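Scroll down for the structure; my scribbles are underneath it.
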Amino acid sequence: AIGLWGRSMGATTSILRAAEDHELAACILDSAFRDLRTVAEELVKRGRFPVPEFILSWALEMIRSEVIARAAFDPLELMPIKCAHKAVCPAFFGVASDDSFVLPHHTQDLHNAWAG
Numbered sequence: 280a281i282g283l284w285g286r287s288m289g290a291t292t293s294i295l296r297a298a299e300d301h302e303l304a305a306c307i308l309d310s311a312f313r314d315l316r317t318v319a320e321e322l323v324k325r326g327r328f329p330v331p332e333f334i335l336s337w338a339l340e341m342i343r344s345e346v347i348a349r350a351a352f353d354p355l356e357l358m359p360i361k362c363a364h365k366a367v368c369p370a371f372f373g374v375a376s377d378d379s380f381v382l383p384h385h386t387q388d389l390h391n392a393w394a395g
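Under this note's numbering, think of the first position of the sequence shown as 280, with each following residue one higher.
Take a look at the structure:
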């Protein structure tokens, strides 16, 4: 039996795999995020200096274009929340209540969507 463990981006990767591979025995998901755009927006909003929405959108689009050009994938399509409902294996979700990078609501949202 194979299980997956991942933290942050690794947890996201585990969710994406679990949604497609119904032979997995279990997943341990530590500080997973629901989608990359939300994490970026929340980090900027909690930053020291306020950033106007149009600048954030522009910066995300610049990063997105660069990743697409160099790595041939769209980082803003990293949305485990859209496929968590397809994962059927048991999963253990972990998050620190005071996590300031990936806020705890991401884990709760993914847990609520999980099918297993």
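The beta-carbon is built from N, C-alpha and C at its ideal position, and this holds for glycine as well. Just so you know, these numbers come straight off a predicted model, no measurement behind them.
Discussion item. At 4 residues or longer, what runs of the alpha helix (DSSP H) sit wholly inside the stretch 322–368?
Written reply: Here the runs fully enclosed are 332–350.
Worksheet entry | Buried or exposed by the 16-neighbour rule on C-beta atoms within 10 Å, applied to W393 | It is buried - the Cβ of W393 has at least 16 other Cβ atoms within 10 Å.
Practice prompt. Measure the Cβ-Cβ separation of G373 and D309 and say whether it is below 7 Å.
Written response: Taking C-beta atoms as the reference points, G373 and D309 count as a pair closer than 7 Å.
Worksheet item: Can you tell me where the beta strand (DSSP E) with I307 in it begins and where it stops?
Response: DSSP places I307 in the uninterrupted beta strand (DSSP E) bounded by 305–309.
Worksheet item: Hey, I307 and F371: beta-carbon distance below 7 Å or not?
Response: Using a Cβ distance threshold of 7 Å, I307 and F371 count as a contacting pair.
Fill in: C368 versus L335 - alpha carbon distance
Going by the C-alpha atoms only, they are around 37 Å apart.
Discussion item. Please return the same chain residues whose Cβ sits closer than 8 Å to the Cβ of L339, not counting the five positions on each side in sequence.
Written reply: Once the five neighbours on either side are set aside, the close Cβ partners of L339 are R316, A319, L355.
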